[in-house]
Amino acid sequence: MHSRFYNEAIFEVRLHPRTPLLIKAGGEGAAATDPTVPDMSFVRTRRPGGGEVLYIPGSSLRGVLRAHAERLLRSVDGGAACDPLARGGEETRYGLRRACSFDDGVSGDEAYRRACRACRLFGTTGLASRVRVSDFYPDEEPVCDTRYGVAIDRVTGAVAHGPFELEIVTDGSFTG
């Protein structure tokens, strides 16, 4: 079934954020050791022939595409997309299919046959994705800004954590 190549579509996409954008780097990062770095800084990577550059990870966009596709599939047919947060064997309270997960002994053909439409396209454990999204790199140096915030405890209404800084992109374009 997966041994034949039927079609392929390659898109080059340019993103222009219309509102401030923040895709946080994981962990504490440099903010734990360098007080000049914002608490929540934009994700960066090193490019050949240059220093660190801001980028939008393809996995972040792929997650957005999957969530939107699942919503569309559920609006047409409630069973067309599983609930990825449900544990295996557990039915969800909204009548959605349980999460698609397969034992190690299941063949690829059987896993594909039993998977929901979203998992067939975007993959799951034991089933490879058919959608690939590359990382998006800036065309030019994006315009960044620092914003300040404070976390509020929902129960007490008091400050939960002291002030924090966010590094956001306010202007620029990313291509991937």
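Numbered according to the numbering used here, the sequence shown terminates at residue 336, and the numbering increases by one at each position without gaps. Each residue gets a CB set at the ideal place from its N, CA and C atoms; glycine is no exception.
Quiz prompt | Where valine 291 sits in the DSSP three-state scheme | solution = Position 131 of the sequence shown, counted from the start, is the residue given in the question as residue 291. Here valine 291 sits in coil by DSSP.
Quiz item: Is leucine 287 buried or exposed, if buried means 16 or more other CB atoms sit within 10 Å of its CB?
Solution: One-based indexing of the sequence shown puts residue 287 at position 127. By the neighbour-count rule (16 or more Cβ atoms within 10 Å), leucine 287 is buried.
Practice problem: For aspartate 269, count neighbouring C-beta atoms within 10 Å of its own C-beta (all shown protein chains included) and say buried if the count is 16 or more, exposed if not. | Solution: In the sequence shown, the residue the question calls residue 269 occupies position 109. Answer is exposed; the Cβ neighbour count stays below 16.
Practice problem: Would you tell me roughly how many angstroms separate the C-alpha atoms of phenylalanine 282 and alanine 259, rounded to the nearest one? | Solution: The count along the sequence shown starts at 1 and reaches residue 282 at position 122. The count along the sequence shown starts at 1 and reaches residue 259 at position 99. C-alpha of phenylalanine 282 to C-alpha of alanine 259: approximately 13 Å in a straight line.
Quiz prompt | N-terminal and C-terminal residue of the alpha helix (DSSP H) that glycine 268 is part of | solution = Counting from one through the sequence shown, the residue named residue 268 turns up at place 108. Unbroken alpha helix (DSSP H) run through glycine 268: 268-274.
Quiz item: Is the segment 210-224 touching the segment 288-302 in the sense that three or more CB pairs, one from each, lie closer than 8 Å?
Solution: Yes, the segment 288-302 is in contact with the segment 210-224.
Quiz item: If you check the beta carbons only, do threonine 325 and proline 177 fall under 8 Å apart?
Solution: One-based indexing of the sequence shown puts residue 325 at position 165. One-based indexing of the sequence shown puts residue 177 at position 17. Checking the sequence shown, residue 325 turns out to be glutamate, not threonine. The Cβ atoms of glutamate 325 and proline 177 do not sit closer than 8 Å to each other.
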